[in-house]
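Asker:
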Amino acid sequence: MKIKMQMGHIKIYSSLIEVASGAGITLHDLMPGIRDTVRASGIQNGFVTVTSQHTTTAIAVNEHEPLLLEDVKAFLDRLIPPADKYLHNDIALRDCLPNEPENAHSHLAAMLLGSSEVIALSGGELVLGQYQSVMLYELDGPRQRKVSVQVYGE
18 MKIKMQMGHI KIYSSLIEVA SGAGITLHDL MPGIRDTVRA SGIQNGFVTV
68 TSQHTTTAIA VNEHEPLLLE DVKAFLDRLI PPADKYLHND IALRDCLPNE
118 PENAHSHLAA MLLGSSEVIA LSGGELVLGQ YQSVMLYELD GPRQRKVSVQ
168 VYGE
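Going from the sequence shown to the numbering used here is simple: count from 1 and add 17.
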């Protein structure tokens with residue numbers, strides 16, 4: 018089956034959200050910055066991509082509720098314990114910069130969680146459930162982080 022769609026001129030609008038993250042694992046609600054980007058784009062229908070620009074952060078949709086955020090931190094620490102032995106943490110084996118952190122657990126958690134999300138846009142609004150938020154999962158903070166937001170559509 019083939020479906021033919023006729024579309025007007027597709028626009029693309031890009032922005033960056035900057036986050037000063039906290040120590041260790043911290044979660045940051047990106048919704049205010051994403052909504053600002055959607056409004057500034059003027060795009061009504063299409064989709065929004067949200068992408069982390071770092072290998073020790075993740076982007077995921079979940080509920081931004083304080084007790085759940087604490088559960089997420091505890092879960093990740095149990096799943097990928099920072100104190101376990103990882104080859105990436107053996108600085109003598111690696112060709113790396115001085116003062117390189119021992120952060121293999123952060124890279125592994127980022128791989129499991131993912132680095133981007135795509136959200137539908139309809140009538141100028143993100144198509145998300147009542148309790149859903151797009152969040153930056155800082156896995157190796159504190160650091161200065163950048164998240165790319167691109168709005169595509171018409």
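Note that beta-carbon positions come from the ideal geometry of N, C-alpha and C, so glycine has one too.
Source: prediction; values computed, not measured.
Have a look at T73 and E117 and give me their C-alpha separation to the nearest angstrom.
Answerer: Here residue 73 refers to the residue found at position 56 of the sequence shown. Here residue 117 refers to the residue found at position 100 of the sequence shown. Computed Cα separation, rounded: 13 Å.
Asker: Once you ignore the five residues that flank I97 on each side, which residues in its own chain have a CB closer than 7 Å to its CB?
Answerer: For this step, residue 97 is matched to residue 80 along the sequence shown. Taken in chain order, the residues that qualify are H122, L125 and A126.
Asker: Does DSSP put I97 in a helix, a strand or coil?
Answerer: Translated into positions along the sequence shown, residue 97 becomes position 80. If DSSP states are grouped into helix, strand and coil, I97 belongs with coil.
Asker: Based on Cα-Cα distance, which residue from Q149, M128 and C113 lies nearest to E155?
Answerer: Here residue 155 corresponds to residue number 138 of the sequence shown, with the count starting at 1. Among Q149, M128 and C113, the Cα nearest to that of E155 is on M128.
Asker: According to DSSP, N79 sits in a beta bridge with which residue or residues?
Answerer: Against the sequence shown, residue 79 aligns to sequence position 62. Looking at the DSSP assignment, N79 forms a beta bridge with S150.
Asker: Between M22 and M48, what straight-line distance do the alpha-carbon atoms span, to the nearest angstrom?
Answerer: Taking the first residue of the sequence shown as 1, we reach residue 22 at position 5. Taking the first residue of the sequence shown as 1, we reach residue 48 at position 31. Residue confidence for M22 is low, a pLDDT of 46 falling below 50, so the modelled location carries little weight and cannot support an answer.
Asker: Per DSSP, what are the beta-bridge partners of S31 in this structure?
Answerer: Within the sequence shown, the letter at position 14 stands for residue 31. Answer is Q167, bridged to S31.
Asker: Does the region 49–56 come close enough to the region 102–114 that 3 or more CB-CB pairs lie under 8 Å?
Answerer: Output reads no: the region 49–56 does not touch the region 102–114.
Asker: Since V65 contacts L138 with CB under 8 Å, what's their CB separation in whole angstroms?
Answerer: For the purposes of this step, residue 65 is identified with residue 48 of the sequence shown, where counting begins at 1. For the purposes of this step, residue 138 is identified with residue 121 of the sequence shown, where counting begins at 1. That pair is a contact at about 6 Å.
Asker: Let me know the secondary structure DSSP gives S38 once reduced to three states.
Answerer: In the sequence shown, residue 38 corresponds to position 21, counting from 1. S38: coil per DSSP, three-state reduction.
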